[in-house]
DNA sequence: CTAACCCATGCCGTACAAAGAGCGTGAAAT
DNA sequence: ATTTCACGCTCTTTGTACGGCATGGGTTAG
């Protein structure tokens, strides 16, 4: 992996960074962690929470439901749970999208080849 | 006005009847009255609450939002304020869209994971 | 030496329930 | 045929348990 890519893509966020991003207290994030099993980030050797962008998205969803749409915590939990059981359908969609991706990659090659031929 | 129409037209329920119908305490209905201006029934000379079928339907909507969907009272209030043509359908659409949003967020994660795995 | 950790406790509002009092109907007593 | 009174339902006011975090103590790593 080239130097530039390593620099640009930041692997993990600290709890303080996530808290600042949403303008909430770290204690809120820790509390929600006890309430939502979907929000359990990796931890460092020391024990510090390591939030991936996906974790942040999970937090954003919870934040949206609880703080913006006015759900109780149990209500938000129910909605998050409902997303799980559709996993089979998700996999099907993923496979479809992977085929589409393969098609686009092939298409790109051909387009590039055509461009070169055209000079 | 003929007798029959009078009978049909003015059928009121007492707070006890409404409470029994939803299996809740009358105190809950009175409390929600202080929280939702949409739930302000007529009162008799004595001061007793007189619930029309329309009032009962209003209560049913609030009950659905708060007790079944898990909204906070302010959250339910916000939805009630948006008095559109088909409130019930609107709620269903919102539910559907939230599910779709959750699905897409989850899908994005998995697609990213698949993308990395595929190189 | 700041920022994170965990844990316990503190705390304030939300969301009701209970308490206490009044009215109206109906059965019993006058 | 009134009076009584008790019972059930209602009313308003006041109390309270829990939800939803915040704060402080004691530590530890970067």
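Chains as they are written, first to last, in our numbering: chain Z, 1 to 119; chain X, 1001 to 1119.
Cβ coordinates follow ideal geometry from the N, Cα and C atoms, glycine included.
For the alpha helix (DSSP H) containing residue i, list its first residue and its last residue.
i, result
"residue 1027 (chain X)", "1026 to 1035"
"residue 1056 (chain X)", "1053 to 1063"
"residue 1080 (chain X)", "1073 to 1081"
"residue 1066 (chain X)", "Unbroken run through residue 1066 (chain X): none, as it is neither H nor E."
"residue 1011 (chain X)", "Where residue 1011 (chain X) is concerned, there is no enclosing alpha helix (DSSP H), given that its DSSP letter is neither H nor E."
Have a look at residue i and residue j and give me their C-alpha separation to the nearest angstrom.
i, j, result
"residue 1073 (chain X)", "residue 79 (chain Z)", "18 Å"
"residue 24 (chain Z)", "residue 77 (chain Z)", "20 Å"
"residue 1052 (chain X)", "residue 18 (chain Z)", "50 Å"
"residue 1045 (chain X)", "residue 1064 (chain X)", "31 Å"
"residue 1062 (chain X)", "residue 1022 (chain X)", "12 Å"
"residue 34 (chain Z)", "residue 41 (chain Z)", "12 Å"
"residue 1055 (chain X)", "residue 1014 (chain X)", "11 Å"
"residue 12 (chain Z)", "residue 82 (chain Z)", "27 Å"
"residue 1075 (chain X)", "residue 43 (chain Z)", "34 Å"
"residue 47 (chain Z)", "residue 1059 (chain X)", "48 Å"
"residue 20 (chain Z)", "residue 30 (chain Z)", "14 Å"
"residue 26 (chain Z)", "residue 32 (chain Z)", "10 Å"
"residue 1049 (chain X)", "residue 1067 (chain X)", "23 Å"
"residue 28 (chain Z)", "residue 1038 (chain X)", "33 Å"
"residue 1036 (chain X)", "residue 1057 (chain X)", "13 Å"
Does the distance from the C-beta atom of residue i to that of residue j stay below 8 Å?
i, j, result
"residue 1071 (chain X)", "residue 16 (chain Z)", "no"
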